[in-house]
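Residues in the sequence shown are numbered consecutively from 1, following UniProt numbering. We put the CB at the ideal spot given by N, CA and C, even for glycine. Step one of this worksheet: look at the structure below.
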Amino acid sequence: DVLGFLEANKIEFEEKDIAANEENRKWMRENVPEDSRPASGNPLPPRLFNDSRYLGGRGMLQDYEAFFEARENNAVYAFLGLTAPPGSK
């Protein structure tokens, strides 16, 4: 899974609990691009960001698909907008 990969590769990340924190919910609603929001209701987690830059595709499944495609292509660091360590992409 995404969190396991980030932890295993010692990539720093922050989880935001949107169930118990209205400020986090508001932040997510404001930062998921319009064309990536569901037709009705609010965007649902998990969503991937680098600071406030949205990294996913259109919808929750596309976030995971984009991440795992980058992982399969050994391009996770580029996907995340990070500088890759030596020997990585």
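Between the CA atoms of residue j and residue i - distance to the nearest angstrom
i	j	result
Asn50	Ile18	17 Å
Ser40	Gly87	43 Å
Tyr64	Asn9	17 Å
Thr83	Asn74	13 Å
Val32	Glu7	24 Å
Leu55	Pro46	11 Å
Phe13	Ala20	19 Å
residue 91	Pro38	Nothing can be reported for residue 91, as the shown portion of the chain is limited to 1 through 89.
Val76	Asp35	23 Å
Leu80	Asn42	24 Å
Helix, strand or coil at residue i according to DSSP, with G and I counted as helix
i	result
Asn50	strand
Glu34	helix
Asp17	coil
Ala70	helix
Glu12	coil
First and last residue of the uninterrupted alpha helix (DSSP H) at residue i
i	result
Asn24	22-31
Ala8	2-8
Leu80	76-80
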